[in-house]
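From first to last, the protein sequence lines stand for chains G and F.
By the numbering used here, the letter at position 3 of the first sequence is numbered 3, and the numbering carries on one by one without gaps.
If you count the second sequence from 1, you need to add 1000 to reach the numbering used here.
Ideal Cβ positions, reconstructed from N, Cα and C, are used throughout, including at glycine.
As the structure is a computational prediction, the values presented were derived from the model and not from experiment.
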Amino acid sequence: MPIEVANLTKTFGSGVTAVKDLSFSIAPGKVTGFLGPNGSGKTTTLRCLLGLVSQTSGTATIDGVPYREIENPITVVGASLEASGFHPARSARNHLRMIAAVAGITDTRVDEVLHTVGLTAAGDRKVGGYSLGMRQRLALAVALLGSPSFLILDEPANGLDPEGISWLRSFLQHQAGQGITVLVSSHVLSEVQQTVDDVIIIRTGSLVYQGSLKSLSDGGPAEVIVRGPALDKLKETPGWNVRTGEHGELIVSGVSAAEIGHRAFTEAVELHELREETPDLEALFLGLTQSEGGAQ
Amino acid sequence: MRNLIKSEFRKAFSTKLLWILTLSALGFVLLSVVLGVYLTPGPPGAEDANVLLVPAAVTNIFSSAGSASIFVIILGIIAMSGEYRNQTITSTFLATPRRQSVIFAKVIAYSIIAFVIAVIMWVSVVVVASLLLTTVEHAPIEWNAVFEILGGTILGLVLYAILGVAIGALITNQVAAVVITLVWIFVVEALLTVFVDWLGKWLPGGALNSILQATNTSGFGGTEALSVPVAALLLIGYTVVFAAAAVFTTNRKDIT
């Protein structure tokens, strides 16, 4: 597997265990969302994966190799970790050039990535005057600099306005279209929901779900909303789990819309609406990530 | 390694810090020259005597170039600890996960920068001091000694720049690193030199003064200075120990 985390545990010197026996792997050429509430260990996991933090035990590898052993790593893995990692008095172009020098990357490529993230005009301005959104774009430019085949992005949507989030969405889709394997973390499912193929969800440093977004929603309770002038006959159907909604509609769970429609037809019940409710992913996500006692 | 050094030069030249510290050092050094020419006090009991009639006192004026050392050590400290302060250390270590290479590249880059600063300081001192000395009565300038001071200034500033980089890696909190270094130089070393005079010359500052052949720079201490080769070896020793410790702690640090 391209990105593989196995039994990863990190206990900091302060005694805090940020990541606990975490294992997951990421499929190539897909966008994978790495989700969990703030403080759930996402950033620590990514920093272990990128060789910035030494794990207490376990392994984290990219194409089978720990990051610290990759030759010229920024040409293999592009990462953006914080929007604040810039010298305020240095221009975006000079920030990129100082990193480019390490990997022998040309100034032409620096111009290219500035263009890709839409910072060509602001490239010679000091980063100290940048908005949070511009810093996020610059962080993405840094990640793209070495034309990597992996992108690891920590909360790239943080601080972006709706326009920025929509830009990020098309940016990620474009990267995935180029065959790049993307791992993108977020504490808000909706930010990445339309972009990711797979999700990894963690809570207090441990895995709670890994798989496709689709199977996550399949696992949720399917419900059917039924409206009509007189629904009593349907309501009393034996074996159905039925409750009445706020506006007199019936909410039936565990039964398909087709079955309900057939029953209504044979019982001659007039229907005004028969609709399958797609499960609310955000609610599922919250359900998975909130601790049982609601302590978080 | 060439690429890494190039990256360090791009970092150094893309902010104003280098220029500010070099110009400050130049101002400080030239002020020392002016004071040396016009205000060098005479020996006790003969304060009015013209000490510049003594050749060593004239030579001593030229060793002012070495007082740029304080600015150079601060430059090294900020070059390293500034990366932690602005969190550019994340980008730096992502591009070069072998962290000892980053420290090594900074050591080389700032050695070159300190070399150039040393030459600038010495040339400026020679020009200004020669001009000012024409306005007062003085012993002839001993040019051999002045050229020896050039060598001492280069060695001293290069070693202080490396010490700065190492301190900045050991104490990554920039404010703490600068404050601790200044307190060490101006309080601890100065006091030790006065009250434990046999110890003073064995400290980094004492070794630096011996290399610069500066007599009584701080106005304290009366013991015999170390010979230049011994002082040079001593300061190189301090620098190597600090740099090794910096590599050791940096490789084990979690960058969060």
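Query	Result
State yes or no: is the beta carbon of Ile202 of chain G nearer than 8 angstroms to at least one beta carbon in chain F?	no
Grouping DSSP H, G and I as helix and E and B as strand, with all else coil, what is Val252 of chain G?	strand
Note down, in chain order, each residue of its chain lying with its Cβ closer than 6 angstroms to the Cβ of Leu1150 of chain F, except the 5 sequence neighbours on either side.	Trp1122
Quick check on this structure: which residue in F:Gly1076, F:Tyr1084, F:Ala1079, F:Pro1055 has the alpha carbon closest to the alpha carbon of Asn1144 of chain F?	F:Pro1055
Compute the Euclidean distance between the alpha carbons of Ser91 of chain G and Asn1209 of chain F, then round it to the nearest angstrom.	40 angstroms
If you measure from the beta carbon of Pro2 of chain G to each beta carbon in chain F, is any gap under 8 angstroms?	no
Interface residues of chain F around Met98 of chain G at Cβ under 7 angstroms?	Ser1007, Arg1010, Lys1011, Ser1014
Name, in chain order, the residues that DSSP records as bridge partners for Arg47 of chain G.	DSSP lists no partner for Arg47 of chain G.
Could you tell me the boundaries of the beta strand (DSSP E) in which Thr1256 of chain F lies?	From DSSP, Thr1256 of chain F is part of no beta strand (DSSP E); its letter is neither H nor E.
Could you compute how far the alpha carbon of Glu69 of chain G sits from the alpha carbon of Arg275 of chain G?	54 angstroms
Would you call the segment 1195-1213 of chain F and the segment 1111-1125 of chain F in contact, with 3 or more CB pairs under 8 angstroms?	no
Please go through the segment 167-243 of chain G and give each complete alpha helix (DSSP H) segment of 4 or more residues, from N-terminal end onward.	189-192, 213-218, 232-235
Can you name the residues that DSSP bridges to Arg275 of chain G?	G:Ile225
If you scan the segment 1108-1180 of chain F from start to end, which runs of the alpha helix (DSSP H) of 4 or more residues do you find wholly inside it?	1143-1170
For chain G, check one thing: does any of its Cβ atoms lie closer than 8 angstroms to the Cβ of Phe1093 of chain F?	yes
In whole angstroms, what is the alpha-carbon distance linking Val65 of chain G and Ile74 of chain G?	14 angstroms
Look at the alpha carbon of Val1240 of chain F and the alpha carbon of Thr1172 of chain F, and state the distance between them as a whole number of angstroms.	19 angstroms
Round the Cβ separation of Ile1103 of chain F and Ala1169 of chain F to the nearest angstrom and send it over; I've been treating them as touching at under 8 angstroms.	6 angstroms
If the cut-off is 7 angstroms on Cβ atoms, which residues from the segment 1120-1146 of chain F count as contacting chain G, listed in chain order?	none
State buried or exposed for Tyr1038 of chain F, treating a residue as buried only when at least 16 other CB atoms are found within 10 Å of its CB.	exposed
Under DSSP, the alpha helix (DSSP H) around Ile1020 of chain F begins and ends at which residues?	1017-1039
On the CB-based measure, 16 or more other CB atoms within 10 Å of its CB, does Leu138 of chain G come out buried or exposed?	buried
Between Pro156 of chain G and chain F, is there a C-beta pair that is closer than 8 angstroms?	no
With a threshold of 7 angstroms, establish whether the CB of Leu1157 of chain F neighbours any heavy atom of the ligand HEM.	Looking at this structure, you won't find the ligand HEM or any other ligand, since it has none at all.
Should Tyr130 of chain G be flagged as near chain F, meaning a C-beta pair shorter than 8 angstroms?	no
Please determine, among F:Thr1181, F:Ser1111, F:Val1165, the residue with the shortest C-alpha to C-alpha distance to Val1158 of chain F.	F:Ser1111
Are the C-beta of Thr1239 of chain F and some C-beta of chain G separated by less than 8 angstroms?	no
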